[in-house]
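Down below is the structure, laid out as structure tokens.
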């Protein structure tokens, strides 16, 4: 159990760039089109997760045995990795919404009235 | 003292029954050699015990307690035929997670580890990587070790060096080992089981390997 953080780091490292691509794309579209596309962008993130599992099953399936021999199922590793990824995405959304709320022109205008 | 039991295992691919009447047991302190022709289901049996292959029917237990996934809580470790270490991470870091702290000193003294500890899996030769992967599994935390072709892809002298390590490991663990290098299996094992027509045959006399058509004759 004490090794789970290290194992997660090893597990997440190769899939980080792919998922980061989905995260940044989602943030870009939400930043451009506003909060109304947020729901679709969550769906977009889930497409990212599905494609990650699909790609990993072709390119890195052999290394699954390392994590199993460490005592962890692959399902559990993916759940932990995607939970961390989703948490990062939600934090980025909160920062984006907070920044757009604080620095939006209408906000300054309203405040001036 | 733990006992691993695999019973009533049935496996079929495309309607062809690969395993149909399989039962074996392995105690801690024992090395079981598993022999059989190509495609008879040796690797499949090990994967079923480990929990990574779904069988039509299976009963795997340790001390009569049903085990759903053998790898959960480090009960069983498995050396697959393929390389399994992630690339891009130093071997010493990977080893520290798999190797049992009680066995660490023995593992760290191995020349193959000392020569390659600071390298990654991609920086060592195929044979060296195979040795390291095998040693990590043998020195892992698991109570039971499944070795799928540990003598393949390594030189004869290294295979000879493995055997005392497997024997030493068997003082604390139960080991099931399979390989086509049957003479190594016969030498290292306490008991030999032959997989023949989907069934396990417990071999008492090595001459039975000829009788069941696994060997043409017993010689080395």
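Protein chains in written order, with the numbering used here: chain H, 380 to 492; chain C, 1020 to 1239. By construction, the Cβ of each residue, glycine as well, lies at the ideal position given by its N, Cα and C atoms. Computed from a predicted model, the values in this text were never measured in an experiment.
Pair within 8 Å by beta-carbon distance, residue 1193(C) and residue 1163(C): Their beta carbons are under 8 Å apart, which means residue 1193(C) touches residue 1163(C) by this criterion.
Where residue 1096(C) falls: helix, strand or coil (DSSP): In the structure shown, residue 1096(C) falls within a strand segment according to DSSP collapsed to helix, strand and coil.
Residue 1135(C) beta carbon less than 8 Å from that of residue 1147(C): Cβ atoms of residue 1147(C) and residue 1135(C): closer than 8 Å.
CB contact below 8 Å: residue 492(H) versus chain C: Reliability of the predicted coordinates at residue 492(H) is poor, the pLDDT of 47 falling under 50, and the value obtained from them is presented with this limitation in mind. Judged by the 8 Å Cβ criterion, residue 492(H) is not in contact with chain C.
Helix, strand or coil at residue 1034(C) according to DSSP, with G and I counted as helix: Here residue 1034(C) sits in coil by DSSP.
Helix, strand or coil at residue 1236(C) [DSSP, three-state]: The answer is coil: DSSP assigns residue 1236(C) none of H, G, I, E or B.
Contact check, residue 1052(C) vs residue 1205(C), beta carbons under 8 Å: When the beta-carbon positions are compared, residue 1052(C) and residue 1205(C) come within less than 8 Å of each other.
CB of residue 1090(C) within 8 Å of CB of residue 1069(C), strictly: Against a cut-off of 8 Å, the Cβ pair of residue 1069(C) and residue 1090(C) comes out as a contact.
Classification of residue 455(H) by the beta-carbon crowding that lies within 10 angstroms, buried from 16 upward: Counting the other CB atoms within 10 Å of its CB gives residue 455(H) a total below 16, which places it among the exposed residues.
Contact set between residue 478(H) and chain C, taken where Cβ atoms lie within less than 9 Å: Result: empty, since nearest Cβ-Cβ is about 35 Å, beyond 9 Å.
Alpha-carbon spacing of residue 1180(C) relative to residue 1123(C), whole angstroms: Taking the CA atoms as reference points, residue 1180(C) sits about 18 Å from residue 1123(C).
Given residue 1128(C) as reference, the closest of 1154(C), 1096(C), 1235(C) and 1024(C) once Cα atoms are compared: Here the closest residue by C-alpha is 1154(C).
For residue 1109(C): DSSP bridge partner residues: When beta bridges are read from the DSSP output, residue 1109(C) appears opposite 1139(C).
Pairwise C-alpha distance: residue 418(H) and residue 1118(C): Rounded to the nearest angstrom, the two C-alpha atoms are 45 Å apart.
Entirely enclosed alpha helix (DSSP H) segments - the segment 1124-1204 of chain C, minimum 4 residues: Entirely contained in the segment 1124-1204 of chain C, the alpha helix (DSSP H) runs reaching 4 residues are, in chain order, 1130-1135, 1145-1157 and 1175-1188.
Whole-angstrom C-beta distance between residue 387(H) and residue 460(H), which should lie under 8 Å: Rounded, the Cβ-Cβ distance is 6 Å, consistent with contact.
Proximal residues, the segment 1214-1229 of chain C versus chain H, C-beta separation under 8 Å: So nothing in the stretch comes that close.
C-alpha distance - residue 1220(C) paired with residue 1157(C), whole-angstrom precision: The straight-line gap from Cα to Cα measures roughly 26 Å.
Whole-angstrom C-beta distance between residue 1043(C) and residue 1025(C), which should lie under 8 Å: About 5 Å separates the CB atoms of residue 1025(C) and residue 1043(C); that is less than 8 Å, so the two are in contact.
Rounded separation between residue 1060(C) and residue 1175(C) - CA only: Straight-line Cα distance between these residues: approximately 26 Å.
Straight-line Cα distance separating residue 442(H) from residue 467(H): Distance between residue 467(H) and residue 442(H), taken at the CA atoms: about 25 Å.
Exposure label - residue 481(H); buried when at least 16 CB within 10 Å: Of the residues assessed, residue 481(H) falls on the exposed side of the cut-off, its CB having fewer than 16 other CB atoms within 10 angstroms.
Segment contact flag, the segment 1031-1045 of chain C with the segment 1089-1105 of chain C, C-beta cutoff 8 Å, min 3 pairs: Too few Cβ pairs lie closer than 8 Å, so no.
Beta-carbon proximity check, residue 427(H) vs residue 401(H), cutoff 8 Å: In this structure, residue 427(H) sits near residue 401(H), with a CB-CB distance shorter than 8 Å.
Residue-chain proximity (residue 389(H), chain C), Cβ-Cβ < 8 Å: Cβ-Cβ to chain C under 8 Å: yes for residue 389(H).
Proximal residues to residue 1231(C) (C-beta, below 7 Å), its chain only, five neighbours per side dropped: 1213, 1215 and 1220, listed in sequence order.
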